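Visitor:
Number of protein chains: 2
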Amino acid sequence: MGETDALLANNERYSTGFDKGDLPAEPARRVVVVTCMDARIDPAAALGLHEGDAHVLRNAGGVVTEDVLRSLTLSHHLLGAQEVLLMHHSRCAMAGMDEAGAIAQIEERSGGATVDFSLGAFDDLEADLRASAERIASHPLLSRLSVRAVLYEVETGKVREVAR
Amino acid sequence: MGETDALLANNERYSTGFDKGDLPAEPARRVVVVTCMDARIDPAAALGLHEGDAHVLRNAGGVVTEDVLRSLTLSHHLLGAQEVLLMHHSRCAMAGMDEAGAIAQIEERSGGATVDFSLGAFDDLEADLRASAERIASHPLLSRLSVRAVLYEVETGKVREVAR
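Same order as they appear, the protein sequences are chains H and Y.
Per the working numbering, the very first residue in the first sequence carries number 1; after that it's consecutive.
Per the working numbering, the very first residue in the second sequence carries number 1001; after that it's consecutive.
#1: When burial is assigned at 16 or more other CB atoms within 10 Å of the CB, is Arg30 of chain H buried or exposed?
#2: Measuring CB atoms only, is the region 1049–1062 of chain Y touching the region 61–77 of chain H, in the sense that at least three cross pairs come out at less than 8 Å?
#3: With a threshold of 16 other CB atoms inside 10 Å of the CB of Asp35 of chain H, please say whether the residue is buried or exposed.
#4: Return helix, strand or coil for Ser1071 of chain Y, following the three-state DSSP convention.
#5: Could you pull the start and end residues of the beta strand (DSSP E) that Glu1083 of chain Y belongs to?
#6: One question on the structure: do Ala1113 of chain Y and Pro140 of chain H come within less than 8 Å of each other, judged by their Cβ atoms?
#7: Taking a contact to mean a Cβ-Cβ separation below 8 Å, would you say Leu125 of chain H touches Ala102 of chain H in this structure?
#8: Check whether the Cβ of Glu66 of chain H lies closer than 8 Å to any Cβ atom in chain Y.
#9: With a Cβ-Cβ cutoff of 8 Å, do Pro43 of chain H and Val32 of chain H count as a contact?
#10: Distance cutoff 8 Å, beta carbons only. Does Val1115 of chain Y sit that close to anything in chain H?
#11: Whose Cβ in chain H lies nearer than 8 Å to the Cβ of Asp1038 of chain Y?
#12: Measure the alpha-carbon distance for Gly2 of chain H versus Glu1107 of chain Y and round it to whole angstroms.
#13: For chain H, check one thing: does any of its Cβ atoms lie closer than 8 Å to the Cβ of Leu1119 of chain Y?
#14: Exposed or buried, what is Phe122 of chain H when buried is set at 16 or more other beta-carbons lying within 10 Å of its beta-carbon?
#15: Let me make sure I understand the geometry here. Which of Y:Ser1090, Y:Phe1018, Y:Ala1127 and Y:Leu1078 has the alpha-carbon closest to that of Ala1039 of chain Y?
#16: Quick check on this structure: which residue in Y:Gly1052, Y:His1088 and Y:Ile1041 has the alpha carbon closest to the alpha carbon of Arg1148 of chain Y?
#17: Pull out every residue of the region 138–156 of chain H whose Cβ sits closer than 9 Å to any Cβ of chain Y, in chain order.
#18: How would you call Ala1132 of chain Y, buried or exposed, if buried means at least 16 neighbouring beta carbons within 10 angstroms?
#19: What does Ala45 of chain H touch in chain Y if you count any residue whose Cβ is under 8 Å from its own?
#20: For Ser1143 of chain Y, list the residues DSSP reports as bridge partners.
#21: Relative to the C-alpha of Leu119 of chain H, which candidate in Y:Gly1052, Y:Glu1066, Y:Glu1012 and Y:Ala1054 has its C-alpha closest?
#22: Check for me: the beta strand (DSSP E) holding Leu1057 of chain Y runs from which residue to which?
#23: Under the three-state reduction of DSSP, which class applies to Ala95 of chain H: helix, strand or coil?
#24: Less than 8 Å separating the beta-carbons of Lys1020 of chain Y and Gly157 of chain H?
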């Protein structure tokens, strides 16, 4: 049995007695969280979010890509989000990564397939976090969103504010 | 006090007595979940995931964008994920959305700023889910990943498998 089967079995327990079937699509707290895919982060647990509370966007690094800007546009304009909480984290694999070396490693493992995109590595965690927050705040479609940027410490579970 | 302040206060409780500070970056279950940003979905709760278990990728619609392919490449080749669980959901705002109408509405709300990207709307939920799973499975960098596709019912909390 693969791990996915275990997750589907877990879902049987979750859905038994499920009583949240009437929630609206609009997030009740009007918040959208942007963070990394990192397995150590459970945004709902770490921030006390319940079903229906907030949109959550996640990718490798919590990088503010075009896809994140697309999703923020939808979250804000069509579903009512007013606040962005951008959360990067300590010990991120994307921070300080040797991008060229990583691409060579991936291509070797893939038997000749080409990595024709940036992996999104960055050098300085706090500097990148500030720049990422600014990228959202300065976007013409997102000028009315409030943006705050925090660092999540995977060592302690604590969040520390870096920019607002 | 904004909602973000409430989330940061919740984090104080989460981090008190936190005992997961030694988890590795690699997801223990070697799974990466791809799903929508929708506020009604708590992937960890719905699938029984704990901190350290799995990567989670989320955007508007759970669309398999270039950014998702970038993140999957990193998850698989550098951090050991072997299985993808792609999870779309019922009552998704992106399913059946009038894309041109939504863009006009967003541009009007933004005082003249232009939406110069696709919102990612799709017509048929199951057809899009199958096509999205195929987009991952056929990617030259991701050919060794196992991909399964499920629909999450926001009405019942249940997950139903559509493609594997």
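All C-beta atoms, glycine included, are put in the ideal place defined by N, C-alpha and C.
All of these numbers come straight from a predicted model, not from anything done at the bench.
Guide: Well, looking at it:
#1: buried
#2: yes
#3: Position check: residue 35 of chain H holds Thr in this sequence, whereas Asp was assumed. Classification of Thr35 of chain H: buried, given that the 10 Å Cβ count is 16 or more.
#4: helix
#5: Glu1083 to His1089
#6: yes
#7: no
#8: yes
#9: no
#10: yes
#11: Ala25 and His55
#12: 46 Å
#13: yes
#14: buried
#15: Y:Ser1090
#16: Y:His1088
#17: His139, Pro140, Leu141, Leu142, Ser143, Arg144, Ser146, Arg148, Val150, Tyr152, Glu153, Val154, Glu155 and Thr156
#18: Note on identity: in this sequence residue 1132 of chain Y is Ser, with Ala being the wrong assignment. Answer is buried; the Cβ neighbour count reaches 16.
#19: Tyr1014, Ala1044 and Glu1051
#20: DSSP lists no partner for Ser1143 of chain Y.
#21: Y:Glu1066
#22: Ala1054 to Asn1059
#23: strand
#24: yes
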